[in-house]
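In what follows, a single structure is set out as structure tokens and then discussed.
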């Protein structure tokens, strides 16, 4: 068969003096297709109608928030509509306001304000309620991590991790830091026994993932329980959270106006060294004043506190970005409208809380 002959063609049966083959020649019943790509009218060979396939490495993954083509399309649509015009939604209604990454801004603001109010109420109205907030955050965070990592072909057991998270939170509240470590050890043992009893392949891989979840979520959040226990514990927690907010805000502003040198392009392309410097400066200056007025700590110690919190907050942000890129997801879940998952909001805080507990225990030990 000639390499020009379509698949399924028949050999020529001859022809007249003109040299044109008689029917049924390979192309006797063939008519050029008039439909769209991928359609077949049944009258001719269909080998030319197959849509070109894209190699797997070229396909966008869920970890890519917006591709270059999408940005170009958005820019073209904006130019075509003209300034001040918005694309209509369904039934000609205006589309909902969204941010650069497609976030629903009203929903994001509403959820953010709600979370802040819950935390403030638990801190300053009835402190034991903050224990419930930490326990709930640990449970949701564990669920999000297990769900995300199962999509990456890991199989961490949810039940012992949830039980261990509650155990660590309770032990930190009632018994202190030593008991928190004991709770972590008990969680790892329970997870090992549970996973071993399942008799499935990949035991050590799943145990490594389970240990990561146990340390990363409930153990680190347990330091928030330790941080709130002193008489001025609510102020300590609030100063820590505000230091993280100042770090994020300063980094964003400095990055927008001065960012030129990428900090970790393979992990978080938008972060720059100029933004990192802005994070440290903003957190240091703000924390110096916050700790001076709220906890009566000298200004220089407050500045040191802010600088350390800023550094570990950025590390926490990069750590979760690296994890999400490795398992090819954009958000840990879609639990919080406009925000993604709870872990997407806790990434910086998880590393900041243990650092704050250790630092404040040194520079302002509870009386």
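Numbering (this note's numbering), first residue to last: 23 to 389. Built from N, CA and C at the ideal position, the CB exists for glycine as well.
How should residue i be labelled, buried or exposed, when 16 other C-beta atoms within 10 angstroms of its C-beta is the threshold for buried?
{"i": "residue 197", "result": "exposed"}
{"i": "residue 321", "result": "exposed"}
{"i": "residue 351", "result": "buried"}
{"i": "residue 165", "result": "buried"}
{"i": "residue 179", "result": "buried"}
{"i": "residue 219", "result": "exposed"}
{"i": "residue 255", "result": "buried"}
{"i": "residue 152", "result": "buried"}
{"i": "residue 175", "result": "exposed"}
{"i": "residue 135", "result": "exposed"}
{"i": "residue 298", "result": "buried"}
{"i": "residue 272", "result": "buried"}
{"i": "residue 339", "result": "buried"}
{"i": "residue 285", "result": "buried"}
{"i": "residue 230", "result": "exposed"}
Return the Cβ separation of residue i and residue j in integer angstroms, given the expectation that the two are a contact with Cβ distance under 8 angstroms.
{"i": "residue 327", "j": "residue 381", "result": "6 angstroms"}
{"i": "residue 242", "j": "residue 137", "result": "At roughly 18 angstroms, the Cβ-Cβ gap does not stay under 8 angstroms, so residue 242 and residue 137 are not in contact."}
{"i": "residue 306", "j": "residue 335", "result": "In fact, because the Cβ distance is near 12 angstroms, the residues do not count as touching under 8 angstroms."}
{"i": "residue 130", "j": "residue 283", "result": "The Cβ separation is near 29 angstroms, so there is no contact."}
{"i": "residue 266", "j": "residue 246", "result": "Going by Cβ atoms, the distance from residue 266 to residue 246 rounds to 12 angstroms, so no, they are not a contact pair."}
{"i": "residue 332", "j": "residue 301", "result": "5 angstroms"}
{"i": "residue 330", "j": "residue 377", "result": "6 angstroms"}
{"i": "residue 244", "j": "residue 194", "result": "4 angstroms"}
{"i": "residue 170", "j": "residue 319", "result": "Not a contact, Cβ separation roughly 38 angstroms."}
What number of angstroms, rounded off, separates the C-alpha of residue i from the C-alpha of residue j?
{"i": "residue 347", "j": "residue 289", "result": "7 angstroms"}
{"i": "residue 149", "j": "residue 191", "result": "14 angstroms"}
{"i": "residue 212", "j": "residue 168", "result": "16 angstroms"}
{"i": "residue 188", "j": "residue 279", "result": "44 angstroms"}
{"i": "residue 214", "j": "residue 186", "result": "12 angstroms"}
{"i": "residue 182", "j": "residue 232", "result": "10 angstroms"}
{"i": "residue 236", "j": "residue 127", "result": "33 angstroms"}
{"i": "residue 276", "j": "residue 366", "result": "22 angstroms"}
{"i": "residue 226", "j": "residue 353", "result": "26 angstroms"}
{"i": "residue 173", "j": "residue 224", "result": "15 angstroms"}
{"i": "residue 359", "j": "residue 253", "result": "35 angstroms"}
{"i": "residue 118", "j": "residue 140", "result": "Because the pLDDT of residue 118 is 48, which lies under 50, any placement of that residue in the model is unreliable, and the number read from its coordinates should be weighed accordingly. Their backbone Cα atoms lie some 27 angstroms apart in a straight line."}
{"i": "residue 355", "j": "residue 163", "result": "10 angstroms"}
{"i": "residue 292", "j": "residue 221", "result": "44 angstroms"}
{"i": "residue 313", "j": "residue 386", "result": "10 angstroms"}
{"i": "residue 368", "j": "residue 308", "result": "21 angstroms"}
{"i": "residue 343", "j": "residue 207", "result": "27 angstroms"}
{"i": "residue 324", "j": "residue 209", "result": "36 angstroms"}
What span of residues does the alpha helix (DSSP H) with residue i cover, start to end?
{"i": "residue 284", "result": "Run containing residue 284: none in the alpha helix (DSSP H); it sits in the beta strand (DSSP E), 284 to 286."}
{"i": "residue 273", "result": "255 to 280"}
{"i": "residue 233", "result": "225 to 236"}
{"i": "residue 21", "result": "One cannot answer for residue 21 here, as it falls past the ends of the chain, which runs 23 to 389."}
{"i": "residue 215", "result": "199 to 219"}
Extract the residue ranges of the alpha helix (DSSP H) inside the stretch 134 to 190, only unbroken runs of 4 or more that lie entirely within it. Complete alpha helix (DSSP H) runs here, min 4: 150 to 173.
At 4 residues or longer, what runs of the alpha helix (DSSP H) sit wholly inside the stretch 292 to 364? Taking only runs of at least 4 residues, the alpha helix (DSSP H) segments lying wholly in the stretch 292 to 364 are 295 to 316 and 321 to 348.
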